[in-house]
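What follows is a short report on a single structure.
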Ligand code: PAF
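Numbering (the numbering used here), first residue to last: 393 to 707.
Right, dumping it as structure tokens:
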């Protein structure tokens, strides 16, 4: 791979974090921001070292920032860290600066946006879908805090033969769709429930939410293990017990955090509801009454109180 700069799109917590990480790995990095410029240097505060031991360290990273309009170079490695509903639009704004043989990676929640992006790429460009469980908080426009060590993986959205390898080889996996559906299943429980009830992730473990969570998990397991589900091959192992372990572990590990959807609803921002619950509702071969209520509880603020009562009365 040529020693050309990486282009990171999106200066939210994950975009800034990856810009710093790529720079740490010895790459030149340019970043495209929309609202607030991160300036020329980004401060990364880490609360754990690479092995997960508690240790505070602060590092500064030199990164050039641009608006989409002011970008002029040609890039062959791009990492898009936007919300799923912004993915295609964010790429369109800088597409003129991307080479025909580029590797284009994206890190966003849910499923659906990747295919939207794929539809506007050239056949010679490679789309890498990614997922991450890193915990990062944005403190200021140029300052982030790495609060929880996580994993990040990328896989070819449309697998090729022979398989390609991601510009950062150690992060390449061949089963990205399986990992994405596993993450989506966890998000389909934690995100809407925390958003609708205005609670932190750890509160999901309280007794009052047990019947709701158990109903959500068994409904999810019925669709994910259904032979006619569009991702059936990748989701057969997601039984109710398997999902319960995943949700409990993540709710426990992120107990003091607000989920991204909770934060979006609280701040009256657009949510990723259509790419999480919406994806399941659109692709399920069976009726999903609980997931539909969760979808509506997030989508329609005026119905939220009524929907909360219905959700809590699920036995
Ligand atoms: O979207 C989120 O907030 C995260 O993916 C998760 C796992 C729910 C933790 O907060």
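Cβ atoms here follow ideal geometry from the backbone N, Cα and C, with glycine treated the same way.
Here the structure is a predicted model, which means the values were calculated and not measured.
In chain order, 586, 587 place their CB closer than 6 Å to the CB of residue 654, counting only its own chain and leaving out the 5 sequence neighbours on each side.
Distance from the CA atom of residue 697 to the CA atom of residue 604, rounded to whole angstroms, is 16 Å.
In the structure shown, residue 671 falls within a helical segment according to DSSP collapsed to helix, strand and coil.
Excluding the 5 residues flanking it on each side, residue 429 has same chain C-beta neighbours closer than 7 Å at 457, 533, in chain order. The nearest non-hydrogen atom of the ligand PAF is 7 Å or more from the C-beta of residue 448. Nearest C-alpha to residue 636 among 602, 445, 628: 602. Taking the CA atoms as reference points, residue 420 sits about 8 Å from residue 395.
Taking 8 Å as the cut-off, the beta carbon of residue 527 is found no closer than this to the beta carbon of residue 497. Within the same chain, 424, 472, 482 come within 6 Å of residue 401 by CB-CB distance, once the 5 residues on both sides are set aside. Taking C-alpha positions only, residue 543 is separated from residue 525 by approximately 5 Å. If you check the CB distance, residue 568 and residue 545 come in under 8 Å. Collapsing the DSSP output to three states places residue 600 in a helix.
In this structure, the ligand PAF has no non-hydrogen atom nearer than 7 Å to the beta-carbon of residue 588. Only residues of its own chain outside the window of five on either side were considered, and among them 523, 545, 547, 565 have a CB closer than 8 Å to the CB of residue 571, listed in chain order.
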